[in-house]
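Trainee: Quick note, the sequence shown lines up with residues -27 to -1, 1 to 1056 if you use mature numbering (1 follows the signal peptide of the UniProt record, and there is no 0). The structure that follows is given in the form of structure tokens.
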Amino acid sequence: MTMLRWAAALVSAATLAAVTIAPAAQAGAQGGLRAADAVLLRDGDRWVSLASGESLSSPGAVACTPADSVWVKGFAHLPYRVGATPDQLGGCLSGDAMPDGPAPWADPAAGSVRTPSAAFAGGVWWMVYAARKTGVTQTCLGYAASNRPTGPGWFHGQQPLVCPADGSSVGEPEFFYDRASAAWHVVWRQNVGGCVTRISVQRFDPVAGQLTGPQRQLLAADDPVMGFDDIVAASCPGGRRHLIDSPTMLRAADGNLWLFFGANTRDSADYATGWALCGTASPTTGGSCALVNAFNPAHRYRPAWGSSTRSSPEPGANAKPYLGFPDLPGFGGLSLATADPTGSAAQPVFAVAHLWWGGAGALRTQVTLRLDATGTLPALYESEVVTIHGRAGSFGTDLPGGLSPSGHRLATRAVPGWGWPAGHIGIFSAVTAQGVVAVQGGRDTTVADDYVAAGIYDPKTSRWTNVRAKTALGFDSVTPISEGGQTFHGGADSWDVQVVGDGNAVAFTNLFGVPWQSYLERKRIPAEGVWPSFGIISNVNGTWQVSRQWTAAQLANSNPDSDVDERACTPYAGLPNGTSLCGGLNEMAMFPRSRDIIVALYAGDGVRSSGGLMAIRVLGPDAAGQYDARVVGYYAYPEVRDIEPPNPARPGNLGIALKSVEADPSGVIGDERFNVVADIWHADDDGNPATIPPGLDPSVTQEFSYDSRNGAITPVSAPFLAGLTPAGTAFRGTHGGIYDHQGNMWAISNGLAVYAKSNGTRKLGGPLCPFDLNRWNTQPHTYTTTALGRTVWGQTCAPDYDILQSAGFGGGGYFPSFPQLVEDPVSKTIVAVDTWTTGNIFSVRHTGTGDAKTFSFGNLLDTGRNLLPRLGQPTEQRPPVFDRTGRMWVTFHQWPRPGQTGVLDHWIASVDIDRLFTPDPVTLAANVNGVTTVQAEHTATTTGERRAQRPDGTVPIDATAFMAQCLDACASDGIAGEGFTLADDSGSGHQEGSVEYRVYVPTAGTYRLAYRVNGDDVAAHPNPAITATVGAVSQTTAVNTAGVWQTVTAQSFTLAAGHHTIRLSPPAGGGNWQLNWFTLTRQ
């Protein structure tokens, strides 16, 4: 049948009957759905999962509507379920996609039809499936076309698509669209003589409805390097049967074709997933694909995924998978899916696995995961918005089941061997090109930390590794000091981490090479020698380790062409033998063009009151994988007179310990910009070295330029603050920030303040914020601001934009809102994380340049950090990091409380930031009296709005759906965690404008609304009320609760099955209410 005849037949069939989508139950755990050989596809605004034939008498097989006529026969040829997203599929079976059975040549009995795959090609839905031929045991591939993937009305090919003449069986067909060749293909499995299986691929022509062109054999199960498909079978050659099945393909980001397949007996715990590389040409070009095992013979018999308890009939074989997540018995065959297979834009890849092994109950289940195809190795990870990784048993019992406190999908992953020894914590993070997360940070030497260490976490293998450095004399620990009944341990402040080289090694700094507080405060050097000040961690022969390190003395002699290394690493006053700390290497950043590293020097030399800046050039890796490093630049920060000494009788200099540096990614060779922030203290006020003077308030930030050609480090702006608060009642300091890809600076200033780049420049150092280098070099203390009866150090430089929402998502730190910032290099999203008190996340996207920028805001996210069982105390945390897929990683650590000597748990959360801008619709309950809660922050409204420009030129940017933290009485709402409330940036309730929420209704029904709300009448809004609109229907509910939190029941809406948008807005004079959440109860 030609394409025109197929299409004509389908149009005719569409007029015969309207198809009603059967109701689906509320989404259940996506690892517990009964299914065999499940596949995913996007059909309009819903996702569909098709599966092999199923009997309703099977354990776990539940029909959404058992009375539906499709179930009269007691089974489904091709059962399906639907849902709003791939991981929110209905818990029950919606129907039979092939109720009238397979093609005439196929056996129509229960269980004959298996392994369906469907694709929308040429304007129709095509399906390929396996079915048993009538009267014989041979299984062939059938094909059919319809105008919907869930049937009915399939027009079947009169003959099989593939049916070997020798009587051997074929099965597990799957459609695959190759974007490189712009063609559809079918990949399938064939049995050969009962002892071997093979996988083949051929192009599919959607016009003719036939396979066409050459057929390529991709893989044979008896390939000698396979091994992990071996099954004991006395009747087969060598006593082994070789079984591979369930092939699926995609073209990875690097252009290679990847083949995944199931291997071994699928109804056993040894079922596993194999991975092969099939070249960069068209799928049908070439010979056999290359098994990854073949590149390293020592890895024979190891699948990519499976169970860590796998065994092999081969003596001494290592049958465990080399990728450790997910570690599930019976995890094997996969099916891959994207929302738009023929689309050119990058999009998420979903992997649905069918686990036949279910123990004594023999339950067959499907698991939905995400596949990362951007690296050298594939990676599977959770499909939830947030996943918290940590030690098994460390997650506690307070995390909501499957949801974060802000209503976003949440998972946890227990990682074998996870965690630091006692006394160590992780503050800084970096992620390599292959997605490996390196964690570095502080320690408490009053607890039990005698070493310098970093943590390496590979999510692909689900493995944590503690990496230790060695002292100058080769020891991996330093003897503690016992004094006055106390023990002071010999570890040192391993600090920041930065990816270097080819993206697969990590540099680290060590704040004090001499252990502090134990040895440094006593001006002693350990007998074991000093710790390194700088080092490289890399993967050497499969093991992460410190592959190169430099003590301060070695850095002082690292540059044979200059004395800059010696000037940067002068001896530290009071330490014996001229020992240097190289100024105390603190945080670092890599320049985008030169690839040199700028390092903030925190400790100085023990004489001057200010620290400095150092530039390090990392060379390598060379052919042997080795690295080298040399100091190529140094800047001694000037000593600055304290103009506001706390004790006027004791004037002196500010104590300036340079702390953070951030590089501008838009820099150019010769002028690579970066900003610097420091911990700054006033002059000593009592002469007691054991006490610390007050910190500088307000804090300041300063911009510098770096020239890699000569190592010059030059200030280009004065230390600046943002001016006064909008109310004019307090100074508004700045405490560092980041640059985005355009070169705009996002400064931390009780939220976010943006200094926009326009025509290649920012206002810093320009006419509005003037700077004179000679004045700075001779009189740095004269850059001041006078207001509110004070003169403070720092020049006022008002920002171009003030992001109002950023001040209300979390607290803690140096300001009421002190976030840590990062830019996603993929989506260019700016993300702020409150790492101090909440773990909350705020994200913003922007377009345009200069004074014509626009902004949008993602959902505020409560990660659930504060629901983890933390025995220690939260403390300062550094920015999160992004991997190359756009997924963010942030560490949650805790600092030991006084007297705590045991191991403290820590966690790493991975977050899918993109889904905060396109939040998943909330699936409503399908059962009568079922209640679904929609959090106020789970809104689809992400727009930002410009407010009137302030007198200082700053433009406030408000969020249409402004959210505030839900605290105190608001948080006592029956939902774990705090979350947020829809409100107004003024501190009052929502004033105007509609806010949208998206829901998915599995089956038509009536739902009653109820609001958790705080409304209060004011002059401008005497009658607080909420108008809810769905489609053309609007209903208004009074919500004046006299300023207290109450649950107010509203009207009901009758909703058809599918997606809906609920708009909430105040009517005229009906604003000034805060909304925590609303519920929809099925009537």
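Cβ atoms here follow ideal geometry from the backbone N, Cα and C, with glycine treated the same way.
1) Would you tell me roughly how many angstroms separate the C-alpha atoms of L301 and G738, rounded to the nearest one?
2) Tell me which residues share the same chain as E27 and place their Cβ nearer than 6 Å to its Cβ, disregarding the 5 neighbours each side in the sequence.
3) Between which two residues does the beta strand (DSSP E) holding D680 run?
4) Can you have a look at D538 and say buried or exposed, based on whether 16 or more other CB atoms are within 10 angstroms of its CB?
5) For the alpha helix (DSSP H) containing E645, list its first residue and its last residue.
6) What separation, rounded to the nearest whole angstrom, lies between the Cα atoms of N626 and D652?
7) At 3 residues or longer, and completely inside the segment 972 to 1013: list those beta strand (DSSP E) runs for me, N to C.
8) Which runs of the beta strand (DSSP E), 3 residues or longer, sit entirely within the segment 190 to 262?
9) Just verifying my parser: in three-state terms, what is the DSSP assignment at S42?
10) Can you name the residues that DSSP bridges to S509?
11) At which residues does the beta strand (DSSP E) containing N813 begin and terminate?
12) Do you know offhand how far A888's Cα is from A312's?
13) How long is the line joining the alpha carbons of V180 and G95, rounded to whole angstroms?
14) In this structure, does DSSP put P179 in helix, strand or coil?
15) Pick helix, strand or coil for L840, following the three-state DSSP scheme.
16) Who does I1035 pair with in a DSSP beta bridge?
17) Can you check DSSP and say which residues form a bridge with K106?
18) My assumption, with CB atoms under 8 Å, is that R382 sits in contact with D893. Please give the rounded CB distance.
19) Which residue wins for smallest C-alpha separation from Q339, given the options A318, S639, G303 and E357?
20) Grouping DSSP H, G and I as helix and E and B as strand, with all else coil, what is H327?
21) If we count the other Cβ atoms within 10 Å of its Cβ and call it buried at 16 or more, is G710 buried or exposed?
22) Along the chain, where does the beta strand (DSSP E) that runs through D151 open and close?
23) Using DSSP with H/G/I as helix, E/B as strand and the rest coil, what is V(-9)?
24) Straight-line CA distance for H158 to R920?
25) What's the gap between the Cα of T107 and the Cα of C113?
26) Can you give me the Cβ contacts of V21 inside the same chain, cut-off strictly under 7 Å, excluding the 5 residues immediately before and after it?
27) Using 8 Å as the cut-off, can you tell me whether the segment 962 to 979 makes contact with the segment 939 to 950, which would need three or more C-beta pairs spanning the two stretches below that distance?
28) If we ignore side chains and look at the alpha-carbon of each, how far apart do L29 and A882 end up?
29) Please tell me whether T482 and A525 are closer than 9 Å, where the distance is taken between their beta carbons.
30) Quick one: what's got a C-beta closer than 7 Å to V198's C-beta in the same chain, skipping five residues either side?
31) Using the beta-carbon count (16 or more within 10 Å), is residue 1060 buried or exposed?
32) Going straight from the alpha carbon of Q413 to that of V470, what length do you get?
33) Among the candidates D601, A691, P549 and D595, whose CA atom is the shortest distance from the CA of Y610?
34) Check for me: the beta strand (DSSP E) holding G1023 runs from which residue to which?
35) Smallest Cα separation from H362: which of P995, I1035, T1000 and W880?
36) Do A998 and T1009 have their C-beta atoms within less than 9 Å of each other?
Mentor: With the given structure in hand:
1) In the sequence shown, the residue the question calls residue 301 occupies position 328. In the sequence shown, the residue the question calls residue 738 occupies position 765. Taking the straight line joining both Cα atoms gives about 58 Å.
2) Counted from its first residue, the sequence shown places residue 27 at position 54. Taken in chain order, the residues that qualify are A34, A49 and P52.
3) Position 707 of the sequence shown, counting from 1, holds the residue named residue 680. Where D680 is concerned, the enclosing beta strand (DSSP E) stretches over T674 to D680.
4) To locate residue 538, count along the sequence shown from 1; it is residue 565. Buried.
5) Taking the sequence shown and counting its residues from 1, the one referred to as residue 645 is at position 672. Premise fails: E645 lies in the beta strand (DSSP E), E645 to W654, not in any alpha helix (DSSP H).
6) Within the sequence shown, numbered from 1, the residue matching residue 626 stands at position 653. Within the sequence shown, numbered from 1, the residue matching residue 652 stands at position 679. So the alpha carbons of these two residues sit roughly 14 Å apart.
7) 978 to 988, 998 to 1003 and 1006 to 1011
8) 203 to 205, 213 to 215, 217 to 224, 230 to 236 and 245 to 250
9) Position 69 of the sequence shown, counting from 1, holds the residue named residue 42. DSSP places S42 in helix when its eight states are reduced to three.
10) Taking the sequence shown and counting its residues from 1, the one referred to as residue 509 is at position 536. The displayed chain sequence assigns Ile, not Ser, to residue 509. I509 pairs with A480 and R521.
11) As a first step, residue 813 must be located in the sequence shown, where it is residue number 840. From DSSP, the beta strand (DSSP E) with N813 extends over N813 to T820.
12) Counted from its first residue, the sequence shown places residue 888 at position 915. Counted from its first residue, the sequence shown places residue 312 at position 339. Inspection of the sequence shows that residue 888 is occupied by Arg rather than by Ala. Whole-angstrom Cα-Cα distance: 15 Å.
13) Along the sequence shown, one-based indexing puts residue 180 at 207. Along the sequence shown, one-based indexing puts residue 95 at 122. Approximately 7 Å, taken between the alpha carbons.
14) Within the sequence shown, the letter at position 206 stands for residue 179. Three-state result, P179: coil.
15) By one-based count along the sequence shown, residue 840 stands at place 867. In this structure, L840 counts as helix in the three-state DSSP scheme.
16) As a working note, residue 1035 is residue 1062 in the sequence shown. Per DSSP, Y970 and V1003.
17) If you number the sequence shown from 1, residue 106 lands on position 133. A79.
18) Locating residue 382 in the sequence shown gives position 409, where the first residue counts as 1. Locating residue 893 in the sequence shown gives position 920, where the first residue counts as 1. Yes, R382 and D893 are in contact; Cβ-Cβ is about 7 Å, under 8 Å.
19) Along the sequence shown, one-based indexing puts residue 339 at 366. Per the Cα distances, G303.
20) Here residue 327 refers to the residue found at position 354 of the sequence shown. In the structure shown, H327 sits in a strand (DSSP, three-state: E or B).
21) Your numbering for residue 710 matches position 737 in the sequence shown. So G710 counts as buried.
22) For the purposes of this step, residue 151 is identified with residue 178 of the sequence shown, where counting begins at 1. Taken as a continuous stretch (DSSP letters only), the beta strand (DSSP E) holding D151 covers V143 to D151.
23) Translated into positions along the sequence shown, residue -9 becomes position 19. For V(-9), the pLDDT reaches just 23, beneath the cut-off of 50, and the residue's location in the model is therefore unreliable, although a value from the coordinates is still provided. Three-state result, V(-9): coil.
24) Taking the sequence shown and counting its residues from 1, the one referred to as residue 158 is at position 185. Taking the sequence shown and counting its residues from 1, the one referred to as residue 920 is at position 947. If you take the alpha carbons of H158 and R920, they lie about 54 Å apart.
25) Against the sequence shown, residue 107 aligns to sequence position 134. Against the sequence shown, residue 113 aligns to sequence position 140. Distance between the alpha carbons of T107 and C113 is about 11 Å.
26) Translated into positions along the sequence shown, residue 21 becomes position 48. So the qualifying residues of the chain are L14, Y53, V55, P122 and T123.
27) no
28) The residue given as residue 29 occupies position 56 in the sequence shown. The residue given as residue 882 occupies position 909 in the sequence shown. Taking the straight line from one Cα to the other gives about 40 Å.
29) One-based indexing of the sequence shown puts residue 482 at position 509. One-based indexing of the sequence shown puts residue 525 at position 552. No; because the gap between Cβ atoms is not below 9 Å, this pair is not in contact.
30) By one-based count along the sequence shown, residue 198 stands at place 225. Counting only Cβ-Cβ distances below 7 Å, and skipping sequence neighbours, we find L264, N266, A267 and R273.
31) Since the first residue of the chain shown is -27 and the last is 1056, residue 1060 is not available in this structure.
32) Reading the sequence shown from its first residue, position 440 is the one you call residue 413. Reading the sequence shown from its first residue, position 497 is the one you call residue 470. Going from the Cα of Q413 to the Cα of V470 covers about 6 Å.
33) In the sequence shown, residue 610 corresponds to position 637, counting from 1. When each option's Cα is compared against that of Y610, the closest is A691.
34) Taking the sequence shown and counting its residues from 1, one reaches residue 1023 at position 1050. Note that residue 1023 is Ala in the sequence shown here, rather than Gly. Taken as a continuous stretch (DSSP letters only), the beta strand (DSSP E) holding A1023 covers Q1019 to L1028.
35) Start at 1 with the first residue of the sequence shown, and residue 362 comes out as number 389. Out of P995, I1035, T1000 and W880, W880 has the C-alpha closest to the C-alpha of H362.
36) The count along the sequence shown starts at 1 and reaches residue 998 at position 1025. The count along the sequence shown starts at 1 and reaches residue 1009 at position 1036. Yes, these two residues count as a Cβ contact at 9 Å.
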